[in-house]
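K.L.:
In the numbering used here, the protein residues as written are 377 to 571. Ideal Cβ positions, reconstructed from N, Cα and C, are used throughout, including at glycine. Only a predicted model underlies this, so the values are computations on that prediction, with no experimental measurement involved.
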């Protein structure tokens, strides 16, 4: 039997368009940053302040989720995004998962600008939104799954402890992402149940 690589590629399916597009775009941005070192900082970092007359600052409220400080930072986030994202995109649909991701990035960016004196980049808020959202994916109306309670306790406990550590990780982004994941999970479950 003759080996036909085209048949293999024909069977590969772009099964989660939002998650895969986000991941490929984040990788492309990291690649461009190798050749243009200032690229990520210029377009994919939300600073501690915003100019109300600079349109790029409004774009950065969401685009900061695509920028990453290193390959390790990027691959750490993509591991969770590619693991959880396709399942959640299948459950909620591409338009809803896109809306959740953009809303999470914008909310995190706004909170950073309003309350923190540092810049922010990376998809950690989206990662934690997906983690908590996954823990409520099979919730029945009026019930709170034990997985949600356990994941939330572990997640909140570790993030509260990490607040006191000197590092360059935004625990605020993790907490906001997780809170939004819980809110989206319970809201969308109720909405899906009414359809």
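Using the rule of at least 16 other Cβ atoms within 10 Å of the residue's Cβ for burial, across every protein chain shown, is residue 494 buried or exposed?
P.N.:
Flag for residue 494 reads exposed.
K.L.:
Check whether the segment 414-433 and the segment 466-475 are in contact - that is, three or more C-beta pairs closer than 8 Å.
P.N.:
Output reads no: the segment 466-475 does not touch the segment 414-433.
K.L.:
Let me make sure I understand the geometry here. Which of 491, 499, 508 has the alpha-carbon closest to that of residue 478?
P.N.:
Ranking 491, 499, 508 by Cα distance to residue 478 puts 499 first.
K.L.:
Using a Cβ-Cβ cut-off of 7 Å (strictly less than) and excluding sequence neighbours within five positions of residue 467, which residues of its own chain qualify?
P.N.:
Closer than 7 Å at the Cβ level, and outside the excluded window around residue 467, lie 513.
K.L.:
Buried or exposed: where does residue 439 fall if 16 or more other Cβ atoms within 10 Å of its Cβ makes it buried?
P.N.:
Residue 439 comes out buried.
K.L.:
Pick helix, strand or coil for residue 422, following the three-state DSSP scheme.
P.N.:
If DSSP states are grouped into helix, strand and coil, residue 422 belongs with the strands.
K.L.:
I need the DSSP call for residue 474, collapsed to helix, strand or coil.
P.N.:
The answer is helix: DSSP assigns residue 474 an H, G or I state.
K.L.:
Do you know how far the Cα of residue 390 is from the Cα of residue 446?
P.N.:
When rounded, the distance between both Cα atoms is 26 Å.
K.L.:
Just to confirm, is the Cβ distance from residue 424 to residue 489 under 8 Å?
P.N.:
Yes. Within cutoff.
K.L.:
Determine the closest residue to residue 531 out of 522, 521, 520, 550, with distance taken between C-alpha atoms.
P.N.:
With distances taken between Cα atoms, residue 531 lies closest to 550.
K.L.:
Leaving out five residues before and five after residue 400 in sequence, what residues of the same chain have Cβ atoms less than 8 Å from its Cβ?
P.N.:
So no residue of the chain qualifies.
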